[in-house]
Amino acid sequence: MLPGHRAGGVLLAVFGAIAFSGKAIIVKLAYRYQVDAITLLALRMVVALPFFLLMAAWAWRTLPPLARGDRWRIALLGGLGYYLASFLDFAGLAYVTATLERLILYLNPTLVLLIGVLFLGRSVSRTQLVALALSYAGVVLAVAHDLDVGGSNVALGSLLVFGSALSYALYLIGSGEVVERVGAVRLTAYASTVACALCIGQFLLLRPLDGLASLAPQVFALSLLNGTVCTVLPVLAVMMAVARIGSAQAAQIGMLGPVSTIVLSVFLLGEPMGPWQVAGTVLVLLGVFLVGRGPTKSGRQAVRKRSA
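If you count the sequence shown from 1, position 56 lands on 56 in the UniProt record's numbering, and the numbers rise without skipping.
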């Protein structure tokens with residue numbers, strides 16, 4: 001592999017990790033302009049939908065047709081892994097800091113591991129048990145810090161974001177066989193298109209369309225950034241990075257995500273950062289790193305694929 005080719009892959013992975021994590025910063029900034037999660041999520045998906053449709057059209061023209069069973073599976077995965085996970089995440093961000101949101105979402109590999117052990121009969125190593133203990137101890141420290149600063153609503157927000165992480169973990173488990181048959185690009189394009197349709201449909205059912213006229217211009221500008229820089233571009237960047245440097249190294253670079261969220265939340269949002277939250281972040285990162293080094297395929301897959 002040429003050095004420049006590898007360096008380009010590393011830069012793409014770095015950009016993808018930081019851009020994905022920037023979503024929480026964008027959402028928190030938008031909430032300052034009296035917009036709700038349903039509206040904000042719909043605006044994000046309106047921006048992202050044309051790009052996913054282009055990806056879907058390319059897949060439809062260049063790849064063999066899907067089996068009927070896979071069509072329904074992809075629709076279900078899109079609703080579970082992208083729509084529900086995104087909605088719960090946006091709703092939770094109304095109550096918790098961007099840093100805490102990113103730490104909870106980063107528990108995905110541990111949730112995949114736990115579901116596999118508890119319900120699918122998969123084995124777990126001693127290292128992975130230690131990793132689980134470290135990860136959840138770190139989240140407890142971070143939640144305790146935010147409860148002290150933000151009050152009881154932090155508990156509600158944490159549960160919503162944890163529900164998002166759990167929803168995406170179920171998506172990862174369910175997508176394992178499907179992605180091998182249909183391909184990662186096609187699954188991402190089709191499932192994301194389904195999620196866009198659900199988010200936009202939810203807005204049309206629950207919110208008046210003329211309410212958009214009362215939104216601040218900043219909400220639309222932030223949604224444009226969210227739908228492009230923090231949604232579509234990171235998806236493409238990570239795919240290109242994996243092709244150049246492999247999924248393992250791309251996953252390790254993805255650990256920059258929570259760190260970048262901390263830095264951005266302090267400087268752009270003015271969120272408080274105490275020693276307990278720093279300690280919690282270190283524990284979560286260490287635990288997820290150890291889970292990613294474990295033998296289970298599902299744990300590695302979750303580290304590799306988390307993007308929400």
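Yeah, the Cβ is synthetic: ideal placement off N, Cα and C, and Gly gets one too.
Helix, strand or coil for residue i per DSSP?
i	result
Y33	helix
L84	helix
E101	helix
V117	helix
R244	helix
R68	helix
M255	coil
V291	helix
V124	coil
V278	helix
M273	coil
L93	coil
L170	helix
Figure out for me which residue from the options has the closest Cα to the Cα of residue i.
i	options	result
L11	T97, V266 and V242	V242
L268	L132, I104, G22 and L41	G22
C196	I18, Y82 and R71	Y82
T62	R186, L134 and F119	R186
A59	V182, Y95, L129 and L84	V182
L286	L134, T193 and A13	L134
A37	M273, V124 and V161	V161
Determine the extent of the alpha helix (DSSP H) in which residue i is found, giving its start and end residues.
i	result
C196	A184 to L206
D210	Note, D210: premise wrong, no alpha helix (DSSP H); not H, not E.
P217	P217 to G227
Distance check for residue j and residue i, CA to CA, integer angstroms please.
i	j	result
S86	A67	27 Å
L113	L256	22 Å
V143	A155	8 Å
Y136	G201	35 Å
D146	A221	29 Å
V46	G176	28 Å
L205	V35	17 Å
L198	I74	14 Å
V229	S223	10 Å
F289	P50	35 Å
Using only the heavy atoms of the ligand FAD, determine whether one of them is closer than 8 Å to the beta carbon of residue i.
i	result
V288	As presented, the structure is devoid of all ligands, the ligand FAD included, so that no description of it is given.
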